[in-house]
Amino acid sequence: MKVACLYFGRKGGCGRYALEVSKALSKKATIRAFISNQNYYYEEWVDTIEHVESFDTYKGVISGVRNTLNPNKYLKISDRISSFNPDVVYYPMIHPWSPALNYILEYPIVSTVHDPRLLKGNHNYLLAPAQAISLRQSTRLVTLTENAKDELLRKGYSEESIDVIPHGNMSGQSSLDEQPDYQKYSSKALLFFGKLRTYKGLDNLLEAYSSLIKPKIPDVTLWVVGEGNISRYGKRIELRESIKVVNKWVPDSELSTYFRRACALVAPYTFASQSGVIPLAYAHYTPVICTDVGGLSEQVIDGKTGYVVEPNNQKEFANACISLLSEPETARTYGLNAFEVSSSDLNWDSVSMLVLDTLQKAHS
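Residue 155 in our numbering sits at position 155 of the sequence shown, with consecutive numbering throughout.
Dropping the structure here:
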């Protein structure tokens, strides 16, 4: 089977997802990848996938707008795809350019929908209409959770056209030990990781940390790691020596620096379809404490790989944190369980087999 993989994003979790699923598919089908010259993982794409074609997408706002409004850009890309003559076009993630390309191309299209409702705080005004159009243009859709599938069903999409395929593990280029440093489970360290968006509930976490967790576990430390506007949290962070902030985008090579020291990942989200940070934690032997929103409860197995608690319930969330911080053996067991899920159910070979089945159904 010949598959054209189209991913024009630049960096972040979705960039790693697109690369890993394409790499795994390349062992099962004839893959030609069409990517951005500005892709953070460009060299890895070229090194691991035999056929890669690339195009300028975004060097800044002016070039981004110019390229987006340039019809010749779409004609050039579609011409290169047509010369490959794929059996199916596959988007690991929808891009603002997808509708225009889909309009030109005459091949079955499979699109992975990471978030049927674009997340609150993610102000991408181009992607929202682009996604709405692309979903209608696609032959088949892939969601990462049953919750996301249900969201699409409520929007009127056919159940027969949707496949649920879990998010693969996200170890990336991190150098993982065969076994974790078991000291991490006695570290009394909690990790909040990822872009700082309002829907991720950092407000609730900081309140629970200061008023409920810190009084019970005096030597606890909270690491807040990710890019975004940290100023809105102000003195609640500045006045706490036990809250460590790394306010930047973290490259793959530095991921293990933070996960190796954490007893648990905390995800107090108020809204979510799924989270790529959860499989990242699993790949680093790290249990997860999350809220029961969207598809998070499908990713975290309550009482096995972490805890799932009621959203916006600071007391319940704090109690779950205190429990793992106070019981390093439980944290260790959950961490080992998480890694087992990562290396079995979420390994990219298994995930890509399911994706290939979807691509074949779209082609048939």
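Note that beta-carbon positions come from the ideal geometry of N, C-alpha and C, so glycine has one too.
Only a predicted model underlies this, so the values are computations on that prediction, with no experimental measurement involved.
Asked                                                                                                        : Found
Val266 versus Ser83: straight-line alpha-carbon distance, rounded                                            : 47 Å
Alpha-carbon spacing of Val21 relative to Arg32, whole angstroms                                             : 13 Å
Cα-Cα separation, Glu151 to Asp115                                                                           : 9 Å
Burial state of Ala132, where buried means 16 or more other Cβ atoms lie within 10 Å                         : exposed
Under the three-state DSSP convention, the category Ser342 falls into                                        : helix
Stretch-stretch touch, CB-based, cutoff 8 Å, three pairs: the segment 304-318 with the segment 204-222       : yes
First and last residue of the uninterrupted beta strand (DSSP E) at Asp56                                    : Element bounds for Asp56: n/a, residue is neither H nor E.
Simplified DSSP assignment, three categories, for Gly121                                                     : In this prediction, Gly121 scores a pLDDT of 46, lower than 50, which makes its location untrustworthy; no coordinate-derived value is stated.
Trp45, enclosing beta strand (DSSP E) - first and last residue                                               : Per DSSP, Trp45 belongs to no beta strand (DSSP E); it is in the alpha helix (DSSP H), Tyr42 to Thr48.
Rounded separation between Cys290 and Val277 - CA only                                                       : 11 Å
Contained alpha helix (DSSP H) runs [length at least 4] in the segment 295-350, N- to C-terminal order       : 296-299, 314-326 and 328-343
Enclosing beta strand (DSSP E) for Lys76 [first to last residue]                                             : Where Lys76 is concerned, there is no enclosing beta strand (DSSP E), although the alpha helix (DSSP H) it sits in stretches over Pro71 to Phe84.
For Leu191: DSSP bridge partner residues                                                                     : Trp223 and Leu265
N-terminal and C-terminal residue of the beta strand (DSSP E) that Phe259 is part of                         : That residue, Phe259, is in no beta strand (DSSP E); its alpha helix (DSSP H) goes Leu255 to Phe259.
Local conformation of Leu105 per DSSP, three classes                                                         : coil
For Val142, three-class secondary structure by DSSP                                                          : strand
Backbone secondary structure at Arg240 - three-state DSSP                                                    : coil
Identified DSSP bridge partners for Lys2                                                                     : Thr30
The segment 299-306 touching the segment 241-260, judged by at least three CB pairs closer than 8 Å          : no
Nearest residue (CA-CA) to Cys263, options Leu324, Val52 and Asp87                                           : Leu324
Reduced DSSP category for Asp377 - H, G, I as helix; E, B as strand; rest coil                               : Residue 377 lies beyond the residue range present for the chain, which begins at 1 and ends at 364; the question has no answer from this structure.
Whole-number beta carbon distance between Lys23 and Thr48, since they are thought to touch under 8 Å         : 5 Å
Beta carbon of Ala128 nearer than 8 Å to that of Leu141                                                      : no
The segment 218-227 contacting the segment 147-162, beta-carbon criterion three pairs below 8 Å              : no
Cβ shell of Ser78 (< 7 Å), same chain only, five flanking positions each side left out                       : Leu101, Ile104 and Leu105
Cα-Cα separation between Ser111 and Tyr91, rounded to whole angstroms                                        : 5 Å
Residue nearest to Arg16 in terms of C-alpha spacing, selected from Ile237, Arg197 and Met170                : Met170
Identity of the residue in Thr68, Ile322, Val52 and Cys14 nearest Pro215 by Cα                               : Ile322
Whether Val52 touches Thr30 by CB criterion (8 Å)                                                            : no
Simplified DSSP state of Tyr91, which is helix, strand or coil                                               : strand
Met353, buried or exposed, once every other Cβ within 10 Å from all chains shown has been counted against 16 : exposed
Candidates Ser297, Asn229 and Phe259: closest to Ala272 by CA position                                       : Ser297
Straight-line gap, Ser175 to Ile94 (C-alpha atoms, nearest Å)                                                : Low confidence applies to Ser175: its pLDDT is 48, below 50, so where it sits in the model is not reliable, and the reading given next is rough at best. Looking at the two C-alpha atoms, the distance is approximately 30 Å.
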